[in-house]
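Before any comments, here is the structure.
In my numbering, the protein residues as written are 3 to 143.
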């Protein structure tokens with residue numbers, strides 16, 4: 003079976019995602035942070051004290067990677083790990099004052115940057131694109 007449009011779609015999707023990822027990484031580097039760290043900051047700004055396993059699930063990050071990312075964020079003073087008072091096997095992560103300040107500085111600028119990246123797609127087409135991406139995401143086993 004020859005893959006025509008499917009292969010073209012896959013290749014274009016990979017190229018586009020790779021380019022967007024590089025551009026976003028460059029933008030976040032200005033604030034000495036990474037996309038993974040920013041997503042964790044965003045999650046912790048919404049839910050203040052989050053178990054590491056929950057952060058792993060919410061960020062689609064494997065447990066071993068979330069551990070190393072959180073470790074680097076702890077070294078920078080952005081987050082703090084605290085043992086759960088009920089289940090001592092569970093580590094919860096909280097934002098420090100420095101982490102909250104970094105998030106507050108970067109969130110608006112980063113969101114503006116994402117809007118700028120996607121401005122080439124009109125809103126109605128962006129809604130269609132999002133529906134198609136959700137459909138694709140849901141269809142992958």
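Beta carbons: idealized from backbone N, C-alpha and C, even for Gly. All figures in this text were calculated on a predicted structure; none of them were measured in a lab.
Is it right to say residue i is buried, meaning 16 or more other beta carbons lie within 10 angstroms of its own, or is it exposed?
{"i": "residue 2", "result": "Outside the displayed range of the chain (3 to 143) lies residue 2, so it cannot be described from this structure."}
{"i": "residue 138", "result": "exposed"}
{"i": "residue 38", "result": "buried"}
{"i": "residue 108", "result": "buried"}
{"i": "residue 97", "result": "buried"}
{"i": "residue 99", "result": "exposed"}
{"i": "residue 123", "result": "exposed"}
{"i": "residue 1", "result": "Any answer about residue 1 is impossible in this case: the structure gives the chain only from 3 up to 143."}
{"i": "residue 88", "result": "exposed"}
{"i": "residue 72", "result": "buried"}
Between residue i and the ligand GDP, is there a pair consisting of the residue's CB and a ligand heavy atom that are separated by less than 7 Å?
{"i": "residue 125", "result": "This structure does not include the ligand GDP; it has no bound ligands of any sort."}
With C-beta atoms as the reference, is residue i less than 8 Å away from residue j?
{"i": "residue 80", "j": "residue 68", "result": "no"}
{"i": "residue 46", "j": "residue 112", "result": "no"}
{"i": "residue 2", "j": "residue 33", "result": "Not covered by the structure: residue 2. The range shown for the chain is 3 to 143."}
{"i": "residue 36", "j": "residue 27", "result": "yes"}
Taking 8 Å as the threshold (beta carbon to beta carbon), is residue i in contact with chain C?
{"i": "residue 62", "result": "Given the protein chain composition of this structure (a single chain), no chain C is represented."}
I'd like to confirm the pairing. Which residues does DSSP put opposite residue i in its beta bridges?
{"i": "residue 85", "result": "93"}
{"i": "residue 53", "result": "94"}
My guess is that residue i and residue j are in contact by the Cβ rule of under 8 Å, so how many angstroms apart are they, rounded?
{"i": "residue 128", "j": "residue 120", "result": "6 Å"}
Margin query: Quick test of the definition: if touching needs 3 or more C-beta pairs under 8 Å, does the region 40-59 touch the region 90-104?
Written below: yes
Item checked: Any 3 or more C-beta pairs closer than 8 Å across the region 32-46 and the region 57-74 -> yes
Next item on the list: Decide yes or no for the touch test of the region 70-88 against the region 18-26: beta carbon pairs closer than 8 Å, at least 3 of them.
Entry: no
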